[in-house]
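*Asks:*
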């Protein structure tokens with residue numbers, strides 16, 4: 293099998309291992325905080341903010357230094373850890389994980405600025421910092437063991453954050469989140485270990501947990517590949533979340549403290565979809581193609597179901613939680629469409645969702661700090677008393693709905709376009725999600741912001757200057773990514789295409805008739821007189837020929853000169 | 072000069088950004104003048120571009136700004152296409168838009184959110200220009216959704232009244248249903264042609280397979296049905312009257328609703344290549360909508376609602392034109408409609424303003440003498456829409472009917488009958504408002520408010536804004552109204568529009584090739600695949616005469632009913648018409664009833680079944696544990712017994728394994 | 325196998341090593357039955373001791389029979405464990421008895437799951 297994924301040279305500009313520092317910095321910060329006594333909450337906040345901002349600055353630096361046309365892994369750090377199993381401290385970034393890293397680096401400091409805990413600051417800041425370390429680690433890890441470590445590392449802090457600093461049924465929500473996610477992770481652990489043992493990708497058939505070596509060894513048979521994929525898939529389906537494993541999300545979101553919600557929605561949900569991309573598509577291309585129809589169906593169901601159930605919620609935060617289910621449905625849809633546009637759209641949806649929903653939760657946090665309720669029925673006429681708040685909410689809401697000109701649209705559109713090319717009917721059905729998104733969002737907005745103010749809401753103050761400043765970077769991103777997404781797309785594309793080429797090659801080698809669907813032969817630019825056009829050649833092996841829809845003509849050979 | 076085309080949308084965008092930053096500080100009326108100046112500037116540049124276009128090959132030029140979405144083979148730039156069609160449209164969009172901005176300075180006087188209004192208006196004009204100037208389907212879609220968003224913001228501008236907020240939401244969501252179709256159309260287009268740029272796929276679209284062309288056109292038509300308020304997605308437009316009147320004039324008369332027609336005309340080669348049933352469908356949808364809406368307009372008692380349904384009806388005419396192959400004719404009617412409908416709406420706004428926010432036709436009357444300029448201009452608009460020669464509406468409507476006649480006599484007859492109704496209900500409106508006895512100080516009749524939907528009642532209340540005294544709603548109560556003419560910022564636009572409504576018809580007289588300016592101008596875009604209608608001058612004159620007779624008859628009947636009281640009004644205003652054939656009520660009932668029940672069922676499903684399963688697993692673990700823990704009795708002897716039994720078993724096992 | 329082993333190590337007194345094994349088994353069963361049947365904690369403890377010592381005896385016997393010193397070494401370990409266990413067990417029993425002088429094993433179930 294051709295060595296399609298040769299490792300690039302370590303790009304460590306300025307000669308220091310950026311990624312290692314970036315991932316370990318929050319751990320160090322947490323250690324420092326553990327030593328500072330409980331009685332100095334201001335110090336804890338300071339250390340937390342410094343750590344988060346530094347790690348965030350490092351992610352931005354990585355972004356700045358990232359070579360655009362390089363499809364491989366950059367800034368690679370590789371240190372042997374457990375040599376007998378070839379477990380390494382192995383980090384690297386490529387186009388797919390780059391922006392997720394930046395998202396983490398940007399959202400965590402903002403979350404820290406946006407909300408303060410009202411008790412036990414030490415624990416709060418400690419857990420958030422650990423959470424950041426876990427998230428950063430997941431996105432860079434290239435070693436299966438290390439990945440699992442960081443993946444699990446994200447679960448525990450969030451459990452405590454929800455359970456101690458949340459509200460309402462916080463303990464129930466935290467426990468549910470923890471157990472549900474762990475349940476999925478258990479399957480993944482079994483898969484990881486089995487995979488490492490079976491692949492024997494180290495020297496002389498030794499066990500190795502090195503991701504790239506395992507892929508290149510090509511030692512997994514088709515059936516094993518499918519079984520192992522399912523193990524990974526369960527964990528990622530719970531994390532994303534994909535219908536029907538989504539029910540932990542509404543509770544976790546609703547009862548979490550503001551910063552917890554921001555981080556959960558903004559970053560943690562992406563662990564699942566990223567996991568699918570990096571460990572699903574990359575490790576098990578054949579199984580991905582095999583599982584695609586099911587996943588696409590679940591994604592489509594998730595989009596529509598999430599939107600409908602969101603419309604019926606009485607709690608504003610719960611509504612946004614279900615909208616997250618709907619949005620992540622788009623991400624999964626694009627992912628399993630297995631086209632360039634679909635995958636790029638999927639990554640873009642991840643980024644956009646992080647920004648938009650993060651912003652949404654910040655705003656909801658501001659609301660809660662004033663009115664101490666998320667209940668829609670108790671809120672009315674807020675636009676009159678808090679116009680700035682309403683204005684910001686409008687922008688974020690439109691981004692969530694997917695109005696062109698703002699970031700949400702580009703991702704969703706690319707996903708649907710990419711899905712249409714390979715799995716037409718899923719795209720057509722999923723596109724109705726845009727109608728539903730407008731419905732539930734505008735209805736909620738109307739109940740909360742429009743109408744005459746009643747006494748309970750009359751005294752609600754508008755946003756303070758500090759709060760407005762917190763929102764500014766996110767709003768700017770929302771607008772910028774909507775108007776000029778080119779820099780982001782440019783960097784994602786090479787890695788995505790390489791991934792797809794790999795998927796295609798593996799499937800071909802396994803004897804499946806699969807190719808990346810594009811409009812391969814649709815470039816008719818000269819006027820063609822009365823000649824039936826070749827419609828785009830669709831489909832993977834997952835979908836039987838559905839040519840009847842577009843044309844009655846049979847496939848003609850590409851003409852010369854076209 | 073055409074290289075300045077980017078300025079055309081840029082100026083309103085600049086206005087938007089400036090108002091966003093310092094709008095409230097500029098306040099009234101500077102914010103209004105700023106916004107107006109921006110749109111007026113756009114108009115000037117549009118004129119220059121129009122002139123400059125004459126020297127371009129094929130009267131077409133393109134201009135690319137930057138790469139927007141590079142995603143593999145899907146590559147979309149932000150670029151502008153200036154060709155006969157888009158140049159014609161930007162002229163009236165910016166022209167009428169500027170006049171409406173000017174008007175709004177007077178109309179929104181005293182409103183607390185004065186600058187915000189102009190903020191949204193500028194954004195709207197920007198979006199509309201993007202829609203029309205965009206050189207590819209996606210950019211058009213951006214503008215498409217942009218005008219939808221601004222429409223939402225503007226309709227629910229006075230959001231304190233729940234009905235206004237609902238109307239805005241209804242508009243946006245209904246539009247979105249159409250947008251689904253538009254998006255799918257974009258997907259198929261890219262999939263088939265590999266590009267969505269107009270200059271690249273439209274010329275080759277006649278070569279596409281019939282089914283493909285049909286599906287794409289159908290999907291785009293679905294989008295158009297939503298945006299241009301045809302059956303069955305027209306429901307949002309009458310409710311949208313809850314917004315301030317300039318909004319109705321700009322968005323729902325002159326610009327946004329015409330976007331659907333624009334798209335259909337833009338893709339006319341593809342439409343031509345589609346199966347014949349699709350254009351026929353379009354034509355019938357158009358003409359039935361026209362008829363349907365006209366009947367409803369006959370019975371409405373709110374001055375704006377009449378005009379709203381009238382808009383739906385006139386849009387139906389435009390689609391009729393598209394369906395019978397008269398693409399340039401649809402644009403012709405779009406232009407004349409922009410003038411006379413905006414005029415009518417602004418005139419209605421002037422009436423409402425002068426009547427201290429009274430909107431009920433039955434409480435007006437005899438305003439001709441008290442508001443002379445408004446009356447005179449409104450009458451011009453009336454004559455135009457009724458189709459009385461030589462006003463503009465006559466020429467454009469007759470062209471449509473001619474093309475319909477050419478295609479199918481049934482379409483022609485329905486269209487003609489609708490023209491009769493149009494003349495009738497507009498005359499009714501004019502007679503009730505401007506002629507006859509002054510009725511506003513009469514003891515109130517059974518209040519119209521009972522018959523109104525919530526939206527109407529709220530709309531009337533909504534017009535109160537901040538400055539005016541609220542109209543008393545309860546029966547029997549009224550206060551002294553002193554109708555007066557509006558300020559110059561309001562009547563100057565009326566006059567200008569009236570002039571155009573009167574003479575705009577002359578851009579295309581059907582008698583000789585030399586007088587067909589518009590048809591010739593649009594020829595590069597619409598000529599090749601449009602229907603060819605070549606009647607002798609005799610036939611043309613005959614058709615014109617029939618149209619004139621029909622228009623005058625409609626006016627005449629209305630005269631008999633409303634001025635001379637020779638015929639009872641009740642014959643012409645059955646409750647069925649007033650209630651819109653109960654369609655809106657049916658949809659609301661469905662959404663509130665089975666629709667909501669369905670949603671609730673899913674929500675219940677999620678809560679009880681799925682979450683129940685999750686909690687059930689937890690409960691299962693707990694219950695199993697509570698059974699198993701009974702073995703932990705805490706009693707030492709039990710444990711000892713267990714150990715013993717275990718040991719014995721183990722020993723027996725070992726014994727079976729031993730080699731004797 | 326047992327017969328073969330004893331034939332080399334036996335002295336000519338008619339004594340058979342397996343008698344100790346039978347003794348050991350007997351003592352063990354007495355201890356086991358006593359542990360299961362008796363309710364007095366002290367008696368139960370004594371039965372445990374009995375079992376442990378029976379095991380000791382068995383180990384030594386086997387050590388002799390197999391000519392392996394390991395059997396006797398293990399006895400040391402068992403004795404140490406027995407001693408430690410008696411200390412802890414008596415401590416617990418004394419503590420319990422102080423509160424309820426008539427407590428039996430069936431009354432002590434505070435550690436139930």
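Residue numbers (our numbering), protein chains in the order written: chain C, 293 to 854; chain D, 72 to 731; chain S, 325 to 437.
All C-beta atoms, glycine included, are put in the ideal place defined by N, C-alpha and C.
Who are the Cβ neighbours of residue 461 of chain D in its own chain at under 7 Å, not counting the five residues just before and after it?
*Replies:* The sequence position of residue 461 of chain D within the second chain is 390, counting from 1. Within the same chain, residue 461 of chain D has close Cβ partners 576.
*Asks:* If you draw a straight line from the alpha carbon of residue 195 of chain D to that of residue 577 of chain C, how long is it in whole angstroms?
*Replies:* Here residue 195 of chain D refers to the residue found at position 124 when the second chain is read from its first residue. Here residue 577 of chain C refers to the residue found at position 285 when the first chain is read from its first residue. Distance between the alpha carbons of residue 195 of chain D and residue 577 of chain C: 47 Å.
*Asks:* Going by beta-carbon coordinates alone, are residue 294 of chain D and residue 327 of chain D separated by less than 9 Å?
*Replies:* As a first step, residue 294 of chain D is located in the second chain; it is residue number 223 there, counting from the start. As a first step, residue 327 of chain D is located in the second chain; it is residue number 256 there, counting from the start. Taking 9 Å as the Cβ cut-off, residue 294 of chain D and residue 327 of chain D do not qualify as a contacting pair.
*Asks:* Classify residue 720 of chain D: buried if its beta carbon has 16 or more other beta carbons within 10 angstroms, exposed otherwise.
*Replies:* Reading the second chain from its first residue, position 649 is the one you call residue 720 of chain D. By the 10 Å Cβ count, residue 720 of chain D comes out exposed.
*Asks:* Would you call the CB atoms of residue 437 of chain C and residue 377 of chain C closer than 9 Å?
*Replies:* Indexing the first chain from 1 puts residue 437 of chain C at position 145. Indexing the first chain from 1 puts residue 377 of chain C at position 85. Yes, they are a contact pair.
*Asks:* Give me the Cα-Cα distance between residue 100 of chain D and residue 310 of chain D, rounded to the nearest whole angstrom.
*Replies:* Translated into the one-based positions of the second chain, residue 100 of chain D becomes position 29. Translated into the one-based positions of the second chain, residue 310 of chain D becomes position 239. Spanning the alpha carbons of residue 100 of chain D and residue 310 of chain D requires a straight line of approximately 29 Å.
*Asks:* Is DSSP giving residue 635 of chain C helix, strand or coil here?
*Replies:* For the purposes of this step, residue 635 of chain C is identified with residue 343 of the first chain, where counting begins at 1. It is helical.
*Asks:* Compile a chain-ordered list of the residues in the region 614 to 633 of chain C whose CB is closer than 9 Å to at least one CB of chain D.
*Replies:* 614, 631, 632 and 633
*Asks:* Whole beta strand (DSSP E) runs in the region 303 to 386 of chain C with 3 or more residues, listed along the chain?
*Replies:* 366 to 374 and 379 to 385
*Asks:* Taking only three categories from DSSP, how would you classify residue 140 of chain D?
*Replies:* Walking along the second chain from the start, residue 140 of chain D turns up at place 69. In the displayed model, residue 140 of chain D falls within a strand according to three-state DSSP.
*Asks:* What residue range does the beta strand (DSSP E) around residue 146 of chain D cover?
*Replies:* On the second chain, position 75 is the one that residue 146 of chain D refers to. 145 to 153 is the span of the beta strand (DSSP E), which, as asked, contains residue 146 of chain D.
*Asks:* So, helix, strand or coil for residue 391 of chain S, using DSSP?
*Replies:* Against the third chain, residue 391 of chain S aligns to sequence position 67. Judged by DSSP in its simplified three-state form, residue 391 of chain S adopts coil rather than helix or strand.
*Asks:* What's the C-alpha gap between residue 420 of chain S and residue 705 of chain D?
*Replies:* Locating residue 420 of chain S in the third chain gives position 96, counting from the first residue. Locating residue 705 of chain D in the second chain gives position 634, counting from the first residue. Straight-line Cα distance between these residues: approximately 15 Å.
*Asks:* Closer than 7 Å by beta-carbon distance: list the chain S residues that pair up with residue 692 of chain D, in chain order.
*Replies:* By 1-based counting over the second chain, the position of residue 692 of chain D is 621. Within 7 Å Cβ-Cβ: nothing; residue 692 of chain D doesn't reach chain S, min ~15 Å.
*Asks:* How is residue 558 of chain D classed by DSSP in three states: helix, strand or coil?
*Replies:* Residue 558 of chain D sits at position 487 when you count from the first residue of the second chain. Note: residue 558 of chain D maps to coil in three-state DSSP.
*Asks:* Residues of the region 580 to 610 of chain C with a CB closer than 7 Å to any CB of chain D: list them in chain order, please.
*Replies:* 597, 600, 601, 603 and 604
*Asks:* Using a Cβ-Cβ cut-off of 9 Å, state whether residue 389 of chain S counts as contacting chain D.
*Replies:* Position 65 of the third chain, counted from the first residue, corresponds to residue 389 of chain S. No, no contact with chain D.
*Asks:* Contact criterion: CB-CB distance below 9 Å. Does residue 533 of chain C meet it with respect to chain D?
*Replies:* One-based indexing of the first chain puts residue 533 of chain C at position 241. So no, residue 533 of chain C is outside the interface.
*Asks:* Which residues does DSSP list as the beta-bridge partners of residue 133 of chain D?
*Replies:* Here residue 133 of chain D is taken as the residue at index 62 of the second chain, counted from 1. DSSP lists D/152 as partners of residue 133 of chain D.
*Asks:* Whose C-alpha, out of C/557, C/760, C/595 and C/758, is nearest the C-alpha of residue 446 of chain C?
*Replies:* As a position in the first chain, residue 446 of chain C is number 154, starting the count at 1. Ranking C/557, C/760, C/595 and C/758 by CA distance to the CA of residue 446 of chain C puts C/557 first.
*Asks:* Can you tell me whether residue 205 of chain D is helix, strand or coil according to DSSP?
*Replies:* Sequence index remark: in the second chain, residue 205 of chain D carries index 134 (1-based). Of the three classes helix, strand and coil, the one that applies to residue 205 of chain D here is strand, per DSSP.
*Asks:* Could you give the residue range of the alpha helix (DSSP H) that holds residue 344 of chain S?
*Replies:* Here the question's residue 344 of chain S lines up with position 20 in the third chain. Looking at the DSSP string, the run of the alpha helix (DSSP H) that includes residue 344 of chain S is 342 to 361.
*Asks:* Could you tell me which uninterrupted beta strand (DSSP E) segments, each at least 3 residues in length, are contained entirely in the region 355 to 406 of chain D, listed from first to last along the chain?
*Replies:* Listed in chain order, the beta strand (DSSP E) elements of length 3 or more contained wholly in the region 355 to 406 of chain D amount to none.
*Asks:* Could you say which of C/440, C/464, C/740 and C/312 lies nearest to residue 689 of chain D if we only look at CA atoms?
*Replies:* Here residue 689 of chain D refers to the residue found at position 618 when the second chain is read from its first residue. Considering only alpha carbons, the answer is C/464.
*Asks:* Is there a C-beta anywhere in chain D that falls below 9 Å from the one on residue 697 of chain C?
*Replies:* Counted from its first residue, the first chain places residue 697 of chain C at position 405. Output row for residue 697 of chain C: interface = yes.
*Asks:* What do you reckon, are the CB atoms on residue 197 of chain D and residue 77 of chain D nearer than 9 Å?
*Replies:* Start at 1 with the first residue of the second chain, and residue 197 of chain D comes out as number 126. Start at 1 with the first residue of the second chain, and residue 77 of chain D comes out as number 6. No, they are not a contact pair.
*Asks:* Could you tell me how far apart the beta carbons of residue 590 of chain D and residue 579 of chain D are, in whole angstroms, since I believe they sit closer than 8 Å?
*Replies:* As a position in the second chain, residue 590 of chain D is number 519, starting the count at 1. As a position in the second chain, residue 579 of chain D is number 508, starting the count at 1. Yes, residue 590 of chain D and residue 579 of chain D are in contact; Cβ-Cβ is about 6 Å, under 8 Å.
*Asks:* Quick one: using the 10 Å Cβ neighbour count with 16 as the cut-off for buried, is residue 442 of chain D buried or exposed?
*Replies:* Position 371 of the second chain, counted from the start, is the residue given in the question as residue 442 of chain D. That one is buried.
*Asks:* Could you name the residues of chain D that residue 413 of chain S contacts, counting a contact when the two beta carbons are closer than 9 Å?
*Replies:* Taking the third chain and counting its residues from 1, the one referred to as residue 413 of chain S is at position 89. Per Cβ cutoff of 9 Å: no residues; residue 413 of chain S is ~10 Å from chain D at best.
*Asks:* How would you list, in chain order, the residues of chain D whose beta-carbon sits under 7 Å from the beta-carbon of residue 433 of chain S?
*Replies:* As a first step, residue 433 of chain S must be located in the third chain, where it is residue number 109. Chain D residues near residue 433 of chain S: 704, 705 and 706.
*Asks:* Give the residues from the region 697 to 731 of chain D that approach chain S closer than 7 Å (Cβ to any Cβ), ordered along the chain.
*Replies:* 700, 703, 704, 705, 706, 707, 708, 711, 712 and 715
*Asks:* Under a Cβ-count criterion, where at least 16 other Cβ atoms within 10 Å of its own Cβ denotes burial, should residue 331 of chain D be classed as buried or exposed?
*Replies:* Stepping through the second chain from its first residue, residue 331 of chain D is reached at position 260. Answer is buried; the Cβ neighbour count reaches 16.
*Asks:* With DSSP as the reference, identify every bridge partner of residue 345 of chain D, one or two as the case may be.
*Replies:* Taking the second chain and counting its residues from 1, one reaches residue 345 of chain D at position 274. Beta-bridge pairing by DSSP links residue 345 of chain D to no other residue.
*Asks:* For a contact defined as C-beta to C-beta under 7 Å, what are the partners of residue 134 of chain D on chain C?
*Replies:* Translated into positions along the second chain, residue 134 of chain D becomes position 63. Within 7 Å Cβ-Cβ: nothing; residue 134 of chain D doesn't reach chain C, min ~18 Å.
*Asks:* Could you check the C-alpha separation between residue 409 of chain D and residue 387 of chain D for me, to the nearest Å?
*Replies:* Translated into positions along the second chain, residue 409 of chain D becomes position 338. Translated into positions along the second chain, residue 387 of chain D becomes position 316. Residue 409 of chain D and residue 387 of chain D have their C-alpha atoms roughly 14 Å apart.
*Asks:* Run through DSSP, which three-state label would residue 396 of chain S get?
*Replies:* On the third chain, position 72 is the one that residue 396 of chain S refers to. Three-state result, residue 396 of chain S: helix.
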